[in-house]
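A.B. asks:
4 protein chains.
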Amino acid sequence: MPRPSVEAERREQILSAACEVVSELGFKSLRIADVARRAGTSSGTVHYYFDTKTALMRAAFEWNFARSLDRRRDLLQEHADPRQRLRAFVDSYLPGDPETVRAWHVWAELWVEALHDRDLQELNEQVYGEWRRLMASIVRDGQDAGLFRDEDPVVVANALIGMIDGLALQVLLGSRSMTLERMRAVCEQVLSSLTVGSSA
Amino acid sequence: MPRPSVEAERREQILSAACEVVSELGFKSLRIADVARRAGTSSGTVHYYFDTKTALMRAAFEWNFARSLDRRRDLLQEHADPRQRLRAFVDSYLPGDPETVRAWHVWAELWVEALHDRDLQELNEQVYGEWRRLMASIVRDGQDAGLFRDEDPVVVANALIGMIDGLALQVLLGSRSMTLERMRAVCEQVLSSLTVGSSA
Amino acid sequence: MPRPSVEAERREQILSAACEVVSELGFKSLRIADVARRAGTSSGTVHYYFDTKTALMRAAFEWNFARSLDRRRDLLQEHADPRQRLRAFVDSYLPGDPETVRAWHVWAELWVEALHDRDLQELNEQVYGEWRRLMASIVRDGQDAGLFRDEDPVVVANALIGMIDGLALQVLLGSRSMTLERMRAVCEQVLSSLTVGSSA
Amino acid sequence: MPRPSVEAERREQILSAACEVVSELGFKSLRIADVARRAGTSSGTVHYYFDTKTALMRAAFEWNFARSLDRRRDLLQEHADPRQRLRAFVDSYLPGDPETVRAWHVWAELWVEALHDRDLQELNEQVYGEWRRLMASIVRDGQDAGLFRDEDPVVVANALIGMIDGLALQVLLGSRSMTLERMRAVCEQVLSSLTVGSSA
DNA sequence: GATGAATGAGAGTTCATTCAT
DNA sequence: CATGAATGAACTCTCATTCAT
Chain A
1 MPRPSVEAER REQILSAACE VVSELGFKSL RIADVARRAG TSSGTVHYYF
51 DTKTALMRAA FEWNFARSLD RRRDLLQEHA DPRQRLRAFV DSYLPGDPET
101 VRAWHVWAEL WVEALHDRDL QELNEQVYGE WRRLMASIVR DGQDAGLFRD
151 EDPVVVANAL IGMIDGLALQ VLLGSRSMTL ERMRAVCEQV LSSLTVGSSA
Chain B
1 MPRPSVEAER REQILSAACE VVSELGFKSL RIADVARRAG TSSGTVHYYF
51 DTKTALMRAA FEWNFARSLD RRRDLLQEHA DPRQRLRAFV DSYLPGDPET
101 VRAWHVWAEL WVEALHDRDL QELNEQVYGE WRRLMASIVR DGQDAGLFRD
151 EDPVVVANAL IGMIDGLALQ VLLGSRSMTL ERMRAVCEQV LSSLTVGSSA
Chain C
1 MPRPSVEAER REQILSAACE VVSELGFKSL RIADVARRAG TSSGTVHYYF
51 DTKTALMRAA FEWNFARSLD RRRDLLQEHA DPRQRLRAFV DSYLPGDPET
101 VRAWHVWAEL WVEALHDRDL QELNEQVYGE WRRLMASIVR DGQDAGLFRD
151 EDPVVVANAL IGMIDGLALQ VLLGSRSMTL ERMRAVCEQV LSSLTVGSSA
Chain D
1 MPRPSVEAER REQILSAACE VVSELGFKSL RIADVARRAG TSSGTVHYYF
51 DTKTALMRAA FEWNFARSLD RRRDLLQEHA DPRQRLRAFV DSYLPGDPET
101 VRAWHVWAEL WVEALHDRDL QELNEQVYGE WRRLMASIVR DGQDAGLFRD
151 EDPVVVANAL IGMIDGLALQ VLLGSRSMTL ERMRAVCEQV LSSLTVGSSA
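Heads up: the protein sequence lines correspond to chains A, B, C and D, in order. All the letters of the first sequence, read from the start, carry residue numbers 1 to 200 under the UniProt record's numbering. All the letters of the second sequence, read from the start, carry residue numbers 1 to 200 under the UniProt record's numbering. All the letters of the third sequence, read from the start, carry residue numbers 1 to 200 under the UniProt record's numbering. All the letters of the fourth sequence, read from the start, carry residue numbers 1 to 200 under the UniProt record's numbering.
(1) Output needed for ARG149(A): all residues of its chain with C-beta closer than 7 Å, excluding positions within five of it in sequence on either side, in chain order.
(2) Taking CB distances under 9 Å as the criterion, tell me whether MET135(D) reaches chain C.
(3) CA-CA distance, GLU78(A) and ARG58(A)?
(4) Between GLY108(C) and VAL112(D), which are expected to be in contact by the criterion C-beta below 8 Å, what is the C-beta distance as a whole number of angstroms?
(5) Leaving out five residues on either side along the sequence, give the residues of the same chain with a beta carbon under 8 Å from the beta carbon of ALA114(D).
(6) Could you tell me whether the region 32-40 of chain B touches the region 84-94 of chain B, where touching means 3 or more Cβ pairs closer than 8 Å?
(7) Taking C-beta pairs closer than 8 Å, name the residues in chain C that ALA185(D) reaches, listed in chain order.
(8) Going by the DSSP bridge assignment, what does SER148(B) pair with across the sheet?
(9) Answer with buried or exposed for VAL6(A), where buried requires no fewer than 16 other C-beta atoms within 10 angstroms of its C-beta.
(10) Spatial neighbours of VAL186(C) within its chain, please: C-beta separation below 7 Å, excluding the five flanking residues on both sides.
(11) What is the DSSP secondary structure of GLU181(A), counted as helix, strand or coil?
(12) Compute the Euclidean distance between the alpha carbons of ASN158(C) and ALA157(D), then round it to the nearest angstrom.
(13) Would LYS28(D) count as contacting chain C if we go by Cβ distances under 9 Å?
(14) Is it buried or exposed, ARG85(B), if we count other Cβ atoms within 10 angstroms and call 16 or more buried?
(15) Beta-carbon separation of GLY132(B) and SER177(A) under 9 Å?
(16) With distances taken from CA atoms, which of ARG140(C), THR52(C), ALA145(C) and ILE161(C) is nearest ASP152(C)?
(17) In or out: SER175(B) buried (at least 16 other Cβ within 10 Å) or exposed?
(18) Between ASP165(B) and PRO95(B), what straight-line distance do the alpha-carbon atoms span, to the nearest angstrom?
(19) Less than 9 Å between the beta carbons of VAL22(C) and PHE65(C), yes or no?
(20) Any beta carbon of chain B sitting closer than 9 Å to that of ILE32(A)?
(21) Using three-state DSSP, classify TYR48(B) as helix, strand or coil.
(22) For HIS105(C), collect the residues of the same chain with a Cβ closer than 6 Å to its Cβ; drop the 5 residues on either side in sequence, then sort them by chain order.
(23) Evaluate SER29(B) with the Cβ neighbour count: other Cβ atoms within 10 Å of its Cβ, from every protein chain shown; 16 or more gives buried, anything less gives exposed.
(24) Which chain D residues are close to ILE164(C), counting only those with a beta carbon under 8 Å from its beta carbon?
(25) So, is ALA103(C) buried or exposed, given that buried needs 16 or more other C-beta atoms within 10 angstroms?
(26) For chain C, is any of its Cβ atoms less than 9 Å away from the one on ASN124(D)?
(27) Counting only beta-carbon separations shorter than 9 Å, does ALA103(D) have a partner in chain C?
(28) Just mark GLY26(B) as buried or exposed, buried being the case when its beta carbon has 16 or more other beta carbons within 10 Å.
(29) Tell me which residues share the same chain as PRO98(B) and place their Cβ nearer than 6 Å to its Cβ, disregarding the 5 neighbours each side in the sequence.
(30) So, at 7 Å on beta carbons, what are the nonlocal neighbours of ARG184(C) in its own chain, with the 5 sequence-adjacent residues on each side left out?
(31) State the DSSP-derived secondary structure class of SER42(B), mapped to helix, strand or coil.
(32) Please confirm whether ILE138(A) and LEU76(A) have their CB atoms less than 9 Å apart.
(33) Taking 9 Å as the CB-CB cut-off, is GLU20(A) touching chain B?
(34) With 16 as the cutoff for other CB atoms within 10 Å, does LEU69(B) come out buried or exposed?
(35) Residues in its own chain within less than 6 Å of ALA8(B) by CB, not counting five upstream and five downstream?
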């Protein structure tokens, strides 16, 4: 009589551990044994749930993304004003708290892994699409309310997302010139310039 | 009678080969033997020039950056108008021709490698600083000429650079939603909005 | 209310499955999990009936032999003429029908396994002894009836059995030079030469 | 300046070691590390010469066969009388001296491995063909000289070879009923019966 | 300067076996 | 009786690194 929850729980433990290890050591240096130890289990068990290291990493990337979405789901309901909604949304991507930093690390590893892996590119495509859709939708709401300049929302979303990716990477790299605070400031500035009537 | 240039030439061959292999296979999958074969030499010789794989990669990253700068040196002299200069500069980073694509690949691998390597972070810091300085300088020239809006040039440079990094990554990932052409369009739009008197 | 036969039935299922898997994949590649799946049960259950993989294989070898004997028991009663009896007996060992082929496969795996296992050698000794006894007995019957040449029956039996083993192996190996038909022809020829008055 | 002989010598050492280990432990239990230790080298070196365990085993089987042929090459020149030539040839296959026993062991492992491997079946086909050709040729010489009965030489060769295979296997299995001496006796008897004018 | 044979530490993966349920 | 999740020992294979030539 296997309890149905046991397998799901174990899976989560392992995926969470995998993300932690990727974040700390990087994909390249990740060993199955590390993930196992972190998850409090054996390497055999990791292989019981995931056939190969590649399969484990793919699942971990997906899990990392699903968690990211979950963390932001409520956020979008909290602010009626599109300006505040956009600000909060962008803000949630600043690599400040450890959980967000970890998610960014995993995401960065995915990128580079995906450069040579068609399947992961597809995953990136889906995630990025979801992200762009959310962002563009907020921009559109703001424009409908006459709050944002009348530019193509998709172009604006792409520009913002690209910028966030690029800046976050520099923050993660510990750049002295692009700290968390600088990134926040740059984002503020750019968001302001979207607003109708802004001088900049 | 070994000419002194022999060693320098060999070094270049190896570094070039290393960048090619990184670009094609990724850092993780790169083997010294691959680099040797690509460079038309033996793994023993690669080790003769570079003590360790890490040393080789570090040198390759630096070489990749130096070449990038070289390729753009003339560019900045060609355009008297800061608007055209900025446009040409940004344009030169679009991952279009094979050489630029390869350089971006190498750069992306460096980023992720640097996430867990202090020395590479320092390299990133220098390169990124150089890039930001060039970009900010053009912006400043434009402002002095009354052509660009009066925002903090460093902030503008950071925003642009971040955006270019993020968008280029998506193009490299073969995104159907962020193709080379889309990236070009987004960049055009953003550059336009910098110009004084632009409606957007 | 488990019927006492349940265990016996399960045992048979597992042994039969083990023989099938050995025949298809070979001893080396046989996994307990394969046998379990083939028997429609779990690996845990296989271990419930057989402590170790070795024990399972030993039992499977014995089961395979017992079945072989069963299949030939009636055969020997059917022919009053020793010549026909011998012919039918030899014929029954030709690797023609799937069941016989499977039995040969299992037997071949036993041989090689037994090369490094004293216990399996003992099993081979018993089985081979039984086989030789039956064969020699038929030969003796034929000689008593004045139908076969007057050679040492044990030597004749050994020669025949050796030949059958060796030829069957080649047939099993899919030899183009030693097909089932060729083997049948060679056996016919040799059996003929045993008969008194044969020209060959 | 690599000496050309180094690689060939090393290869031989490894193949010889592989045959020894196969003979002692069997294919199933053979570990690369065992072969390496036996060859006085490291497992890495074994893999330097043979990509995979499978490749190593295939090469070992071929090497074993080539050596077997070499050992018998002179034998066939030594006896002008086909009866003595056939006797000496058959005799050379009796698993008496350690070298022949080892060769038989390797051969037996090949058989069973080949049951599930098309490539090895092809190797068996070639070797067996060579063997049958030699044997049939001697028989034909004997018939031409009026020394052997007038049976189809190929059938005779097949019968003899099958018998030798089957009997050798039993001797290798340490059968108390089929010792080396018994096998020799059976072979003598059968060879005698081929001779014209033999009473049996 | 250059080579490539040789090494051996290290990692992924397999699978018989165990045991709580 | 039966299950299958979990284990971990064992093995193949990889590859940076070394060094004799």
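Built from N, CA and C at the ideal position, the CB exists for glycine as well. Here the structure is a predicted model, which means the values were calculated and not measured.
C.D. replies: According to the structure shown:
(1) Indexing the first sequence from 1 puts residue 149(A) at position 149. Only LEU194 and VAL196 meet the Cβ criterion.
(2) Stepping through the fourth sequence from its first residue, residue 135(D) is reached at position 135. Answer no: the Cβ-Cβ gap between MET135(D) and chain C never drops below 9 Å.
(3) One-based indexing of the first sequence puts residue 78(A) at position 78. One-based indexing of the first sequence puts residue 58(A) at position 58. About 32 Å.
(4) In the third sequence, the residue the question calls residue 108(C) occupies position 108. In the fourth sequence, the residue the question calls residue 112(D) occupies position 112. The sequence shown places Ala at residue 108(C), rather than the Gly named in the question. Contact flag correct, Cβ pair sits at about 6 Å.
(5) Here the question's residue 114(D) lines up with position 114 in the fourth sequence. Closer than 8 Å at the Cβ level, and outside the excluded window around ALA114(D), lie LEU120, GLN121, LEU123 and ASN124.
(6) no
(7) Within the fourth sequence, residue 185(D) is the residue found at index 185, counting from 1. Per Cβ cutoff of 8 Å: VAL155.
(8) In the second sequence, counting from the first residue as 1, residue 148(B) sits at position 148. Looking at the sequence provided, one finds Phe at residue 148(B) rather than Ser. For PHE148(B), which the question treats as bridged, DSSP gives the partners THR195(B).
(9) Numbered from 1 along the first sequence, position 6 holds the residue referred to as residue 6(A). So VAL6(A) counts as exposed.
(10) Position 186 of the third sequence, counting from 1, holds the residue named residue 186(C). Around VAL186(C): LEU167.
(11) Residue 181(A) sits at position 181 when you count from the first residue of the first sequence. Of the three classes helix, strand and coil, the one that applies to GLU181(A) here is helix, per DSSP.
(12) For this step, residue 158(C) is matched to residue 158 along the third sequence. For this step, residue 157(D) is matched to residue 157 along the fourth sequence. Approximately 18 Å between the Cα atoms of the pair.
(13) Looking up residue 28(D) in the fourth sequence gives position 28. So, interface residue.
(14) Reading the second sequence from its first residue, position 85 is the one you call residue 85(B). ARG85(B) comes out buried.
(15) Against the second sequence, residue 132(B) aligns to sequence position 132. Against the first sequence, residue 177(A) aligns to sequence position 177. Note on residue identity: the sequence assigns Arg, not Gly, to residue 132(B). Cβ distance < 9 Å, so ARG132(B) and SER177(A) count as in contact.
(16) Here residue 152(C) corresponds to residue number 152 of the third sequence, with the count starting at 1. Answer by Cα proximity: ARG140(C).
(17) By 1-based counting over the second sequence, the position of residue 175(B) is 175. Buried, since its Cβ has 16 or more Cβ neighbours within 10 Å.
(18) Here the question's residue 165(B) lines up with position 165 in the second sequence. Here the question's residue 95(B) lines up with position 95 in the second sequence. Cα to Cα, ASP165(B) sits roughly 10 Å from PRO95(B).
(19) One-based indexing of the third sequence puts residue 22(C) at position 22. One-based indexing of the third sequence puts residue 65(C) at position 65. No. Outside cutoff.
(20) Counted from its first residue, the first sequence places residue 32(A) at position 32. Answer no: the Cβ-Cβ gap between ILE32(A) and chain B never drops below 9 Å.
(21) Position 48 of the second sequence, counted from the start, is the residue given in the question as residue 48(B). If DSSP states are grouped into helix, strand and coil, TYR48(B) belongs with the helices.
(22) Locating residue 105(C) in the third sequence gives position 105, where the first residue counts as 1. Counting only Cβ-Cβ distances below 6 Å, and skipping sequence neighbours, we find SER23.
(23) In the second sequence, the residue the question calls residue 29(B) occupies position 29. Counting Cβ neighbours within 10 Å, SER29(B) comes out exposed, since fewer than 16 surround it.
(24) Working through the third sequence from its first residue, we reach residue 164(C) at position 164. Those are GLY162 and GLY166, listed as they occur along chain D.
(25) Counted from its first residue, the third sequence places residue 103(C) at position 103. Its Cβ being crowded by 16 or more others within 10 Å, ALA103(C) is buried.
(26) Taking the first residue of the fourth sequence as position 1, residue 124(D) is located at position 124. Yes, ASN124(D) lies at the interface with chain C (some Cβ there is under 9 Å from its Cβ).
(27) As a first step, residue 103(D) is located in the fourth sequence; it is residue number 103 there, counting from the start. Not closer than 9 Å to any Cβ of chain C, the Cβ of ALA103(D) fails to qualify, so no.
(28) Numbered from 1 along the second sequence, position 26 holds the residue referred to as residue 26(B). It is buried - the Cβ of GLY26(B) has at least 16 other Cβ atoms within 10 Å.
(29) Within the second sequence, numbered from 1, the residue matching residue 98(B) stands at position 98. Result list for PRO98(B): empty, nothing under 6 Å.
(30) Reading the third sequence from its first residue, position 184 is the one you call residue 184(C). LEU94, listed in sequence order.
(31) In the second sequence, counting from the first residue as 1, residue 42(B) sits at position 42. Coil, per DSSP.
(32) Start at 1 with the first residue of the first sequence, and residue 138(A) comes out as number 138. Start at 1 with the first residue of the first sequence, and residue 76(A) comes out as number 76. Yes, these two residues count as a Cβ contact at 9 Å.
(33) Within the first sequence, residue 20(A) is the residue found at index 20, counting from 1. For GLU20(A), the answer is no, since every Cβ of chain B falls outside 9 Å of its Cβ.
(34) One-based indexing of the second sequence puts residue 69(B) at position 69. Classification of LEU69(B): exposed, given that the 10 Å Cβ count is below 16.
(35) Counting from one through the second sequence, the residue named residue 8(B) turns up at place 8. Counting only Cβ-Cβ distances below 6 Å, and skipping sequence neighbours, we find nothing.
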